[in-house]
Each structure stands twice: as structure tokens, then as C-alpha cells.
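By numbering that gives the first Met the number 0, the letter at position 199 of the sequence shown is numbered 198, and the numbering carries on one by one without gaps. For glycine and all other residues, C-beta sits at the position ideal for the given N, C-alpha and C. Computed from a prediction, not measured in an experiment: that's the story for all the values here.
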Amino acid sequence: MPASDKITVHVDGRDLALTNLAKVLYPKDGFTKAEVLDYYQRISAVLLPHVAGRPMTLKRYPDGVDKESFFAKHAPAGRPDWLHTGKIVSSSSRSRAPGEPIEYVVLDDLPSLMWAANLAAIELHVPMWRFPPDGQPSGSGSAGSVPAGSGSAGTAAADTAPAPEHGWAPDLIVFDLDPGAPATIVECCRVAEALRPLLEADGLHALPKTSGGKGLQLYAPISGMDAEQASATAKEYAERLERDQPRLVVSRMTKSLRDGKVLIDWSQNNGSKTTIAIYSLRAREHPTVSTPVTWDEVVACRTVKDLFFTAHDVLDRVDANGDLFAPLLP
């Protein structure tokens, strides 16, 4: 099929024009744009509930993962009129319109996800909070969640007052375990094992997933906190583990401190920051995925290959085990 081919498809009542389907986006594996679209279509049933209602930052790779990329926060001009969006207050002087809210895409149904994938938005990045379905802050952190496909989050958020600059109350807390070479995901697993009982003792039931790159991430549901409190809470755990295991763990961002250690990046809980979405592809050498894993897999991990999963692997895992992150959903 020529790389310039264009086809129109009908997805859940929406017409989408898909282009450049034969373009190779992962040169090492020959993984094409058509395969990216196929993956996102097949994984959508478990991916969408986790991102529904969240402002989406797209990382686009129009010429493949080995070429130039860019983050897209603003909902683009010329987007379909049915695409859901939500606004966030911005004080950045680098904004397109300083002082004006930024309008974000909200991917909460299959046509929206396919639209984004057709833009070569290989990576999907979201914060730990959602737009409340009625456009008003819930105060609890979880009441603002919406089911995938409902459309209520994006529609309501676009028509009401924008979210604060640092978002509404988060429904999740994340511990982003980032290894400094020569440490790898294996060391991240040892840190996760040490962190888990501390969280459990305080009623935080964390679930692990790979970053799809070098690291590991732990997510736990929360309520009753704002983003600043969630960040402070995560920082306390990071500093505690750094005191207990100074040869393995670091809580500070200074790169010179990270060689051979695992950074517990608590700052990802900042309401203005985003983390790679559950089940998102990563723009690495191979089409790896940010993959939910079991605690048994974390404990058993002894090599990088033990927790290395590509798109094909993840589809097989979901077929066999369902969504391991389903307990995080409201």
C-alpha cells in the first residue's frame, strides 16, 4: 500500500479519514502506522476507562520514533466538532495566548482515540486528575471520574469554567521509579517491593506498571487530597525510603546523585505534570507499552527482559488476564 494512501472508516457513528497507513513508525521492527492504529483500536476497551475525562497531552512522531517529535497540549484547529475538550487556566508566558485558558483534547471514546493515533500521537500523557462531569470540583478526588465513551467529561468541561492551573483533586497518586544507569528496571522492582508495605500500612493499595521505557511506576487510588498534598505525601515516602536504603534510593532530582540508584519521582503528582498513560505505546526502538504487571512479576523480576512488553505482548496479556489496573477505576 503506498504511504500516501487515504481511507475513510466509520467508527462508532463517526467518519474518520486515515492516512499514510503504510508509513513505518518503528524502523527497527517495521511497525507501521496501520499497526499503531490497530493496537489502539484493540486495546481501547481497557485503555479508555483510565484516560476518560483527563486532559490529554499527545506526543506526536509524524515521521517515526527516530525522527523529530513534539508535545501537543493545545487541541488543534480543524479538529472534528465531536471531539471532546476541556480547558485549564494557564499563567505561562510561553502560551499561545498568555492569560487565556489552554484547551486540551479529552479522549474518552474510540473515535477520539483513533483520531489521535492517526496524527501519529504514539504516546499519550495524562495527569492524575479528571475533569468533573458537571464541570465543578468534586472535592473528593474521585467523584469527578467518568466512564469511557460517556462524553460527559469533555463536553461539560468545554462549556464551563476552566480547571485551575494545577487541576482538580487527583484520584490517583503515582510513584515514578526512574533508574539511573547502570541501574535498570530490576532495581526498580526491588525499590517497589520495599515501598509496597509502607504504602499498605497506610491504606494505599498500589499497583505496578512498567513505564514502557526503563522504569516502573506504582499507582494507588486516593481521595480527599489536592495535588500539592499528594506530592507532599509521595515525597515523604520517597525520603523515608532514601533514609532506609541510601545506596539504592534517591528522592532528589539532582542527576549527579542518581548513578546506579533509583529515583522515586514524587513530583509527578504535581497537577500540571503528566505521566505516560496506562497501555500507551512508547516511542522507543521497539513498540513497547506502559504495561500493568502483577506483584508476583515484580518480585520475580531478575532481568530487563522479564518486564519487557511490546504491543503484541500486551494484547495477549489482556486477552488472558483482563485489565490488571481495573481496581483503580471508580
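Ordered along the chain, which non-local residues of its own chain (more than five positions away) have a Cβ less than 7 Å from that of residue i?
i	result
Leu-24	Phe-30, Thr-31, Lys-32, Val-35, Tyr-60, Gly-63, Val-64, Ala-119 and Ile-121
Gly-259	Gly-179, Pro-181 and Ala-182
Ala-16	Lys-5 and Thr-7
Glu-238	Ser-250
Leu-306	Ile-184, Thr-209, Val-292, Glu-296 and Cys-300
Between which two residues does the beta strand (DSSP E) containing residue i stretch?
i	result
Lys-208	206-209
Leu-123	120-125
Val-104	101-104
Pro-178	171-178
Asp-295	Per DSSP, Asp-295 belongs to no beta strand (DSSP E); it is in the alpha helix (DSSP H), 294-299.
Let me check understanding here. Comparing Cα to Cα, which of the options lies closest to residue i?
i	options	result
Pro-131	Lys-66, Pro-161 and Ala-219	Pro-161
Leu-328	Ile-277, Val-303, Lys-304 and Val-313	Ile-277
Gly-12	Pro-110, Leu-20, Ala-325 and Thr-84	Pro-110
Arg-195	Asp-108, Gly-212, Val-173 and Met-252	Val-173
Val-303	Ala-282, Gly-211 and Asp-80	Gly-211
Between residue i and the rest of its own chain, which residues show a CB-CB distance below 6 Å, the 5 nearest in sequence each way excluded?
i	result
Ser-279	Glu-122, Leu-123 and Ser-289
Pro-169	Met-127, Trp-128, Gly-140, Ala-226 and Ala-229
Arg-316	none
Leu-46	Tyr-278
Asp-322	Val-45
Should residue i go down as buried or exposed, given a rule of 16 or more other Cβ atoms within 10 Å for buried?
i	result
Glu-284	exposed
Pro-126	buried
Asn-320	exposed
Ser-43	buried
Thr-333	In this structure the chain extends from 0 to 329, so residue 333 is not present and cannot be described.
Phe-70	exposed
Pro-254	Per the sequence shown, the amino acid found at residue 254 is Lys instead of Pro. Burial call: exposed.
Ser-89	buried
Where do the ends of the alpha helix (DSSP H) carrying residue i lie?
i	result
Leu-314	310-320
Gln-244	From DSSP, Gln-244 is part of no alpha helix (DSSP H); its letter is neither H nor E.
Leu-198	184-200
Leu-109	109-117
Within 6 Å: the Cβ of residue i and any heavy atom of the ligand FMN?
i	result
Gly-12	The model on display carries no ligand, and the ligand FMN is accordingly not part of it.
Could you name the residues of the same chain whose beta carbon sits closer than 8 Å to that of residue i, not counting the 5 residues immediately before and after it, in chain order?
i	result
Met-336	Because residue 336 is not part of the residues shown, which for the chain are 0 to 329, the question remains open.
Any beta strand (DSSP E) of 3 or more consecutive residues that is wholly inside the segment 12-85: 13-18, 23-25, 56-59 and 69-71
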